[in-house]
Amino acid sequence: KADYIYISKTTKRVIDSIELFKNCKGYYFPNTFFRFEEIAKKNTILDLGYILLVTGVGDNKDLDGALKLYSSISKDERLPLKILGCGNAIERVKKIIDDHRVQSEIEVIPFLDLDDVVSLYCNSTFIWAHSKYEGYGRAVAEAKLSHKKILCTQISAFM
1 KADYIYISKT TKRVIDSIEL FKNCKGYYFP NTFFRFEEIA KKNTILDLGY
51 ILLVTGVGDN KDLDGALKLY SSISKDERLP LKILGCGNAI ERVKKIIDDH
101 RVQSEIEVIP FLDLDDVVSL YCNSTFIWAH SKYEGYGRAV AEAKLSHKKI
151 LCTQISAFM
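Everything in the sequence shown is counted per full-length UniProt numbering, starting at 1 for the first residue and increasing by one.
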């Protein structure tokens, strides 16, 4: 007998249909995505004048490429940039930022609880999901749940 953890009701339905799991106990650990919408509905949608870049440090995220694009915008037209999603690689991200000479305009966001993440989305001017390739584009869905415009590269799930 092996117990299992599921992150959504859909996952549970699939697991429950598999004979192997018939006598097992399931534990629900909700994916934060399902709470995002609920929290976003309670937030006031504002425009506090910054771009929220939702990214990471993996090769697919192309953070260096995103910063090249950002730094190519003339300083008087450039909105401040907040970078979310780099987890425990903040120092590595700061070194990449240093290479682009735009440090004063960029804030790297540390780990936050979900309420604060949703607030960042809801208060941004727009969301930027820069990536060489992407899975299902969670940042795109979260931007829409926050009633924000989104700038993204080609994400196959949405093509």
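For glycine and all other residues, C-beta sits at the position ideal for the given N, C-alpha and C.
- According to DSSP, V140 shares a beta bridge with no other residue.
- In the three-state reduction of the DSSP assignment, F34 falls in the helix class.
- In its chain, beyond the 5 residues on either side, D47, G49, Y50, I51, L79 have a beta carbon closer than 7 angstroms to the beta carbon of T125.
- Per the coordinates, the alpha-carbon of S72 lies some 32 angstroms from the alpha-carbon of A40.
- For a cut-off of 8 angstroms, the C-beta gap from I109 to L81 is around 11 angstroms, too long to register as a contact.
- If you draw a straight line from the Cα of S104 to the Cα of F111, it comes to about 20 angstroms.
- Fully contained in the UniProt domain "Glycosyl transferase family 1" (37–155) are the following alpha helix (DSSP H) runs of length 4 or more, in chain order: 63–72, 90–98, 114–123, 138–145.
- Taking C-beta separations shorter than 7 angstroms and ignoring five residues to either side along the sequence, the partners of I96 in its chain run L63, D64, L67, following chain order.
- Taking a cut-off of 8 angstroms for Cβ pairs, the region 26–36 and the region 131–145 touch, as three or more such pairs fall below it.
- I5 sits in a strand when the DSSP states are folded into three classes.
- Of the residues K9, S8, F29, D3, the one whose Cα lies closest to the Cα of K22 is D3.
- Pairing S146 with I45 gives a Cβ-Cβ distance under 8 angstroms.
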